[in-house]
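Trainee: Below you will find the structure I want to go over with you.
As structure tokens, then:
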């Protein structure tokens, strides 16, 4: 399955939509109930999950961004830029972070951006895994039927796959005396 065809799967759209809803509940619930200040890792959790979700939205809208060897770098850069924009917004409207020192805010921002990117890279790995798994299970050459216990040889080989050794004809020296005998019917 290609990345483009995967991005058109309705179940993936539902998954990313539910993920966005879940992360929104965690974020706004964390703000409303002061969880961000009570649980030290809450910010890391919401940032990693949101990086994963934003990468999911990016994949649904621009699936070709996830093609090629440079995809992790490209996706990481895009998510980093989006995260930096959110951090700027957070800084400008910091009502709930009032009292932080500039040094602590810079440390929090750097950590948030790293965790955003790690969440996004997790989505890249998920997409790559799905594409590889579906490609391997959907494609099987016609000349190689799937292995079953019935066609496994005692040496571990597969009897449905013939090697060059299996197809070689026997030497005349190795013939048995019965080979020259006339057939009896």
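In the working numbering, the protein residues as written are 526 to 710. Note that beta-carbon positions come from the ideal geometry of N, C-alpha and C, so glycine has one too.
When DSSP labels each residue in this structure, what does residue 565 get in the three-state scheme?
Mentor: coil
Trainee: Should residue 661 go down as buried or exposed, given a rule of 16 or more other Cβ atoms within 10 Å for buried?
Mentor: exposed
Trainee: Going straight from the alpha carbon of residue 697 to that of residue 529, what length do you get?
Mentor: Confidence is the limiting factor: at residue 697 the pLDDT is only 48, short of 50, which leaves the residue's position unreliable, though a coordinate-based value still follows. Whole-angstrom Cα-Cα distance: 58 Å.
Trainee: Is the beta carbon of residue 636 closer than 8 Å to that of residue 526?
Mentor: Cβ atoms of residue 526 and residue 636: not closer than 8 Å.
Trainee: At which residues does the alpha helix (DSSP H) containing residue 528 begin and terminate?
Mentor: Segment 528-532, the alpha helix (DSSP H) holding residue 528.
Trainee: Consult DSSP for residue 581 and reduce its assignment to one of helix, strand or coil.
Mentor: helix
Trainee: Residue 588 lies in the alpha helix (DSSP H); which residues open and close that run?
Mentor: Here residue 588 belongs to no alpha helix (DSSP H), and DSSP marks it neither H nor E.
Trainee: Could you tell me the alpha carbon to alpha carbon distance between residue 546 and residue 628, rounded to whole angstroms?
Mentor: 32 Å
Trainee: In whole angstroms, what is the alpha-carbon distance linking residue 497 and residue 563?
Mentor: Examination of residue 497 is not possible in this model, given that the chain is present from 526 through 710 alone.
Trainee: Taking 8 Å as the cut-off, does the stretch 564-580 touch the stretch 640-650 (at least 3 CB pairs, one atom from each stretch)?
Mentor: yes
Trainee: What are the boundary residues of the alpha helix (DSSP H) that residue 538 is part of?
Mentor: 535-557
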